[in-house]
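Participant: Next up is a structure, given as structure tokens.
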Amino acid sequence: MLSRKASKDSHGQDSSYFQGWQEYEKNPYHPIQNPMGIIQMGLAENQLSFDLLESWLRRNSNTMALKKDGVSAFKDLALFQDYHGLPAFKEALVNFMTSMRGNKIKYSSDKLVLTAGATAANEILMFCLTDPGQAFILPTPYYPGFDRDLKWRTGAEIVPMHCSSSNGFRITRCALEQAYQLGQELNLKIKGVLVTNPSNPLGTTMTKTELNHLLDFAIDKNIHIVSDEIYSGTVFDCSSTTGFTSIMEVLNERNNNNYNNIRNHIHMVYSLSKDLGLPGFRVGLIYSNNEKVIAAATKMSSFALVSSQTQFMLSNLLSDAKFIKKYMVENQRRLKRRKDMLVRGLRKAGISCLRSNAGLFCWVDMRHLLSSDSFEAEKELWKRIVCEVGLNISPGSSCHCSQPGWFRICFANISEDALHLAMHRMKVFTSSIFSVRFPIIMMRKKSF
Amino acid sequence: MRLLSTKATCNSHGQDSSYFLGWQEYEKNPYDEILNPKGIIQMGLAENQLSFDLLESWLAKNPDVSGFKRDGKSILRELALFQDYHGLSSFKEAMVDFMAEIRGNRVTFDPDHMVLTAGSTSANETLMFCLAEKGDAFLLPTPYYPGFDRDLKWRTGVEIVPIHCSSDNNFQITESALEQAYEEAQNLNLNVKGILVTNPSNPLGTTLSLEELNLLVDFISGHKNMHLISDEIYSGTVFNSPGFVSVMEVLNNRFSDADEAIWDRVHVVYSLSKDLGLPGFRVGCIYSENDTVVAAATKMSSFGLVSSQTQYLLSAMLEDKKFTRKYLVENQKRLRRRQKMLVSGLEKSGIKCLESNAGLFCWVDMRHLLKSNTFEAEMDLWKRIVYDVKLNISPGSSCHCSEPGWFRVCFANMSEQTLKLAMKRLKSFVAELSSSSDNGDNKAHQSKRKSLTKWVFRLSSRDHRQRDQEER
């Protein structure tokens, strides 16, 4: 009676990623009302800097009242449904993105398409770049939501490109070729590669080496690159070697006119959900030099326009360059502090993390806590952490990681106290595991 | 291997139709009372601009709501983080109450059966994704809103098969027309998944009669797995009798709650874009008693959620029942007045309209002004009206009407003076037409029209970066 899309599980929402969420919903931690409840560490939200936004709003009540120069803009905004977007908002976004990348790339607003969040942007790009049955390569581990966002209604496929802890999960030319081969074997036409840079769930920015591998590969195979840069504003370690580099920068560095073709194959996705912590306002965008993609994506954005009320408010916020600069610096400082807190706390529990310089989470190595090197053991460990330790964290298998034992733990969506409590619970848990294992090791030694 | 997808490179977004071309002409030479009094008057835009003062005064009395405050406290954090695709429950409750109020409280709705979407554009497409796939078709009575060609077909792969309605019986849906459409679909090897109607109708401006509603319900009852979608986006614009009857009312009266077989197959789409005149805020919804549809559509709404900022503002506004009551009554009064003005203005030019009781437009009969009973003649007439009379109106062919000579003319998106001016221009044009009926004049007009045809054809084959506005 219904379509296959409506009846199947292809929305991907039965994975453990969502199940942990459901457990949390049943028993959510609250410092006073439910101090023994589950602490939510599976939600990549940025809750650290709302006070800064709130103070801006207080100083700019006119914007909130939809007034421009004292005159009500309500009627114009209420009627504004042009899928080309509010020009002032696009200008403000373009300036924001440019300054975030240290003015190394100049963006222009006519190459930008506004969408209701990056979720809509990614799906629209798939509709524009693939026909049903065609595929994109994605490095693992990747954001679990992509299984729904990229594949569900589009009919596109994902071919995973397996990254390994042996080299910090970096993208290699070899892994790219292997994924391409896998696509051939599965009879899938590979249309492109989609990367998240900075990475979710790794929390790392892509190196220039990786970006160059990616470019060479895409040029060689004549395919697209989609760079989801939703976390680009969360880079908190900005030294010259570990700052954020966009793929366009690397392309520009090549300084060669032979690259005009590839220029049309690179598309960027961005959103204000992570940097500004505003996922509820549904602000995302596609950026591309490819006119045909922009033309088609603009029409498709009819299905996911950004509320004009929101466009107006945020264009005013983003245009306040002084405020934004201050916000970005302070936000990054707070993110770094939190990350350091999480890393230290985990270390005290005998757990290490992948070294990271961005994002709202750490990629945590719990392989040594597994009862065996298997995904069953990872699932077991995860269930114990959710139900016994009372922490909702995301198991690596839900991110399609090829090695068991890795978990994503978020640090920017809870209070400092909750984070300290979580670390304490973790320490107690790991101590109990070691005290159980230790006697067994002692016995073995005796028998020798 | 082709670089882009078929969807990105084909024309099935339907945006090369005359409907959008008239718009582009208007954009080049828009009427302005002071700056451009000879410009083209926009009468192709189904927007409700008559009652903004009521909304603005409500906002002025409730400044806290736009300032993200509740009881004096900031709720920015709560709203900024709220991306739950189940929607703000206070907003859904306010929406179901508002929808019930529009239906005279003869039906009630359950907020748990409502899915919020970024406009009804998104709602309609989402329903297609849930109910049908490539190889399936939906039957739509003609004439219908041109945007459906894109909204229902483009990315979903679903086809539309028209149910031809005729002026003989005021374009009402008949059983034989339904049967014919069903047969046509079979001949095209398409599996009919359902019927989609707009009630009140765009472009007719009429509410569906009880007979038509019963006919539709009987038809889907008699066919296994067939759905009925009722797009009720104009339900709050009904300004005259016979009044609005929702398909939900008909189900209520004819079937018990336990009759899942029928309740599971009827779905309503709604939006605040027409009744409240807020198309920019992107507020639409799907309402269905089918739990599977609600579950799937809820997940799909991730691709088009309503901004939490907007949900909050509008939940406060719609919760103010004193305001909604006053608004609905006053808005309908103003719409009725405007429609009368248009109808009597057209009458003075010897032009009749389909008798209407809803909507933001009239369905206008200009068959007697056609040179011949053909769509070419309709295009000729349309071009003269756009370029010579300087009124952008929508030709019936863009709405897939099966009879040439009908046009949709909007009345709620301009000032009273502008409407009067438009009527004056039309009167001069009609007078001129009847006086210059000799061949000489016609030849001059024909060659002018030929050159226009070539030019318009070139226009339609380029992708325009001008404002192609969303329209209904």
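Listed in order, the protein sequences are those of chains A and B.
Heads up, our numbering is the position in the first sequence plus 2, with the first residue counted as 1.
Heads up, our numbering is the position in the second sequence plus 508, with the first residue counted as 1.
Built from N, CA and C at the ideal position, the CB exists for glycine as well.
If you're wondering where the values come from, they're calculated on a predicted model, not measured in any experiment.
Taking only three categories from DSSP, how would you classify Asp277/A?
Facilitator: Asp277/A falls in the coil class under three-state DSSP.
Participant: Do Glu827/B and Ala568/B count as a contact pair if the criterion is CB distance below 8 Å?
Facilitator: Cβ distance not < 8 Å, so Ala568/B and Glu827/B don't count as in contact.
Participant: Going by Cα to Cα distance, which pick from Arg339/A, Asp239/A, Asp277/A and Arg284/A is closest to Tyr233/A?
Facilitator: Looking at the Cα atoms, Asp277/A is the closest of the given residues.
Participant: Within the continuous beta strand (DSSP E) that includes Arg916/B, where are the two ends?
Facilitator: Trp914 to Cys918 is the extent of the beta strand (DSSP E) around Arg916/B.
Participant: For Asn699/B, report the span of its beta strand (DSSP E) as first-last.
Facilitator: Residues Asn699 to Thr706.
Participant: Whose C-beta lies closer than 6 Å to the C-beta of Lys92/A among residues of the same chain, with five residues either side of it excluded?
Facilitator: Same-chain partners within the cutoff: Ser111 and Leu114.
Participant: Val161/A bridges to which residues according to DSSP?
Facilitator: In DSSP, Val161/A forms a bridge with Ile139/A.
Participant: Candidates Ser902/B, Phe811/B and Leu696/B: which alpha carbon is nearest Gly627/B's?
Facilitator: Answer by Cα proximity: Phe811/B.
Participant: Return the residues of the stretch 564-588 of chain B that lie within a Cβ-Cβ distance of less than 7 Å from chain A, sorted by chain order.
Facilitator: For the stretch 564-588 of chain B, which is checked against every Cβ of chain A, the residues closer than 7 Å are Glu564, Leu567, Pro571, Ser574, Gly575, Phe576, Ser582, Leu584, Arg585, Leu587 and Ala588.
Participant: Go ahead and pull the three-state DSSP assignment for His412/A.
Facilitator: Position check: residue 412/A holds Cys in this sequence, whereas His was assumed. Correct three-state label for Cys412/A: strand.
Participant: What are the partner residues of Asn394/A, as DSSP defines its beta bridges?
Facilitator: Paired residues: Gln42/A.
Participant: Taking only the alpha-carbon atoms, compute the straight-line gap between Thr65/A and Ile353/A and give it to the nearest angstrom.
Facilitator: Cα to Cα, Thr65/A sits roughly 47 Å from Ile353/A.
Participant: For a test of the three-state rule: what should DSSP assign to Gln819/B, helix, strand or coil?
Facilitator: Helix, per DSSP.
Participant: Are Asn254/A and Ile107/A close, meaning C-beta to C-beta below 8 Å?
Facilitator: Closer than 8 Å, so yes.
Participant: Measure the alpha-carbon distance for Ala424/A versus Ile41/A and round it to whole angstroms.
Facilitator: Their backbone Cα atoms lie some 7 Å apart in a straight line.
Participant: For Met270/A versus Ser310/A, is the C-beta spacing smaller than 8 Å?
Facilitator: Cβ distance not < 8 Å, so Met270/A and Ser310/A don't count as in contact.
Participant: Between Lys77/A and the rest of its own chain, which residues show a CB-CB distance below 8 Å, the 5 nearest in sequence each way excluded?
Facilitator: Hits under 8 Å: none found.
Participant: Are Cys918/B and Phe883/B close, meaning C-beta to C-beta below 8 Å?
Facilitator: Cβ atoms of Cys918/B and Phe883/B: not closer than 8 Å.
Participant: Please confirm whether Glu720/B and Gln688/B have their CB atoms less than 8 Å apart.
Facilitator: No, these two residues do not count as a Cβ contact at 8 Å.
Participant: Who are Gln180/A's beta bridge partners in DSSP?
Facilitator: Partner(s): none; Gln180/A has no beta bridge.
Participant: Examine chain A for any beta-carbon lying closer than 8 Å to the beta-carbon of Glu641/B, and answer yes or no.
Facilitator: Judged by the 8 Å Cβ criterion, Glu641/B is in contact with chain A.
Participant: For Pro787/B and chain A, any beta-carbon pair shorter than 8 Å?
Facilitator: It does; some Cβ of chain A falls within 8 Å.
Participant: Report the option in Glu382/A, Leu184/A and Leu213/A whose CA atom is closest to the CA atom of Thr198/A.
Facilitator: Comparing Cα-Cα distances from Thr198/A to each of Glu382/A, Leu184/A and Leu213/A, the minimum goes to Leu213/A.
Participant: Buried or exposed, going by whether 16 or more other CB atoms sit within 10 Å of the CB of Ile443/A?
Facilitator: For Ile443/A, the pLDDT reaches just 48, beneath the cut-off of 50, and the residue's location in the model is therefore unreliable, although a value from the coordinates is still provided. So Ile443/A ends up on the exposed side.
Participant: Can you tell me the Cα-Cα spacing of Thr926/B and Arg892/B, whole angstroms?
Facilitator: C-alpha separation (whole angstroms): 19 Å.
Participant: Have a look at Val777/B, Ala803/B, Met922/B and Leu889/B and flag the residue whose alpha-carbon is nearest the alpha-carbon of Tyr593/B.
Facilitator: Of the candidates Val777/B, Ala803/B, Met922/B and Leu889/B, the one whose C-alpha sits nearest the C-alpha of Tyr593/B is Ala803/B.
Participant: Should Asp375/A and Pro397/A be called a contact, given that it needs their Cβ atoms to be closer than 8 Å?
Facilitator: Going by C-beta atoms, Asp375/A is not nearer than 8 Å to Pro397/A.
Participant: Quick check on the burial criterion: 16 or more other C-beta atoms within 10 angstroms. Buried or exposed for Lys958/B?
Facilitator: Because Lys958/B carries a pLDDT of 46, less than 50, the predicted location of this residue cannot be relied on, and the following value inherits that uncertainty. By the 10 Å Cβ count, Lys958/B comes out exposed.
Participant: So Gly279/A contacts chain B; which residues on that side make the cut at Cβ distance below 7 Å?
Facilitator: Within 7 Å Cβ-Cβ: Ala588.
Participant: Closer than 8 Å by C-beta to Met163/A: which residues in its own chain qualify, once you throw out the five before and the five after it? Chain order, please.
Facilitator: Excluding residues within five positions, the ones whose Cβ falls inside 8 Å are Ile139, Leu140, Pro141, Thr142, Ile173, Ala177, Leu178, Gln180, Ala181 and Val195.
Participant: Should Leu543/B be labelled buried (16 or more other beta-carbon atoms within 10 Å of its own) or exposed?
Facilitator: Looking at its Cβ environment, which holds fewer than 16 other Cβ atoms inside 10 Å, Leu543/B is exposed.
Participant: Which of the three DSSP states, helix, strand or coil, is assigned to Leu712/B?
Facilitator: DSSP places Leu712/B in coil when its eight states are reduced to three.
Participant: Using a 10 Å radius around the Cβ and a threshold of 16 neighbouring Cβ atoms, would you call Ala952/B buried or exposed?
Facilitator: Here the model assigns Ala952/B a pLDDT of 48, short of 50, so the residue's position is not dependable, and the following value carries that caveat. Exposed, since its Cβ has fewer than 16 Cβ neighbours within 10 Å.
Participant: Excluding the 5 residues flanking Gly1/A on each side, which residues of the same chain have their C-beta closer than 7 Å to its C-beta?
Facilitator: The displayed coordinates of chain A run from 3 to 450. Any statement about residue 1/A would go beyond what the structure contains.
Participant: Which residues of chain B have a Cβ atom closer than 8 Å to the Cβ of Arg340/A, listed in chain order?
Facilitator: Within 8 Å Cβ-Cβ: nothing; Arg340/A doesn't reach chain B, min ~17 Å.
Participant: With a cut-off of 8 Å on the beta carbons, I'd call Glu886/B and Leu878/B a contact; round off their distance for me.
Facilitator: Rounded, the Cβ-Cβ distance is 6 Å, consistent with contact.
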